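Input: a single structure, listed below in structure tokens.
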Amino acid sequence: MKTMKNLLFFPLVLIALLLLTLGFFEGRKAYWDNRVQKMCNKDGGTTVFEHVTISRDDALNGGLMRGDLFAIPAGKNEKTIFYVNFESKNIRDSDPLIFRSETSIVRVKDSKIIAMMIGYARVGGDFPSFSHPTHQSCRERSKALINFDKAVQIKEESK
């Protein structure tokens, strides 16, 4: 009779430990998701310092129409009008990884920042498994991207 109780007790203890472990990982993710959202609300999003309109010819000559809207710093040349600068800083290096990203559109001729987009994200923190890690980033990211892209407009030629 005593061994029967032990046989029933052991699986219940394992299930309880599994649920506690799962709760720990999910609770930690929820904590960091909340922190990421607070950082996003504090200074995340897009700031456009100057709206710029360029002609279609300038866009074609400056490489803006080749599929990539802007050159990266290493790919700029004498015809480049704007380039994109990207910086990422880890806020937390362990699991889950928390980082801040800053993307700027810079005008080449005067090195002036035209627009800047700041975002925060969490990657990982999941219960150990073979699946891809989950992630959480600023909720308004798509709106920020739209505003970022509107910083430089290409003027259509009137005929």
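Heads up: the sequence shown at position 71 corresponds to 80 in my numbering, and the numbers run straight through without jumps. Yeah, the Cβ is synthetic: ideal placement off N, Cα and C, and Gly gets one too. All values derive from a computational prediction rather than experimental measurement.
Quiz item: Nearest to V57 by alpha carbon, out of I123, W41, S140, N94?
Solution: I123
Exercise. Measure the Cβ-Cβ separation of G128 and P105 and say whether it is below 8 Å.
Key: no
Practice problem: Grab me the residues of K14's own chain with a C-beta within less than 7 Å of its C-beta, minus the 5 sequence neighbours each way, in chain order. | Solution: none
Practice problem: Keeping to the same chain, check which residues put their C-beta closer than 8 Å to that of F136; ignore five residues upstream and five downstream. | Solution: T30, L31, F34, E35
Self-check item: Proximal residues to K38 (C-beta, below 6 Å), its chain only, five neighbours per side dropped
Solution: G134
Exercise. Rounded to whole angstroms, what's the CA-CA distance from K159 to E59? Just pull it up for me.
Key: 10 Å
Quiz item: How would you label V93, buried or exposed, when you count the other beta carbons within 10 angstroms and need 16 or more for buried?
Solution: buried
Quiz prompt | Nearest to V45 (by Cα), restricted to the options S146, S151, N156, I163 | solution = S146
Quiz item: Assuming I90 and K164 make a contact with CB atoms under 8 Å, what is their CB distance in whole Å?
Solution: That pair is no contact at about 13 Å.
Quiz item: Cα separation between V115 and Q162?
Solution: 14 Å
Practice problem: Go through its chain and collect everything with a Cβ distance to W41's Cβ below 7 Å, but skip five positions before and after it. | Solution: P105, I107, R131, G134
Quiz item: Quick one: what does DSSP say F108 is sitting in, helix, strand or coil?
Solution: strand
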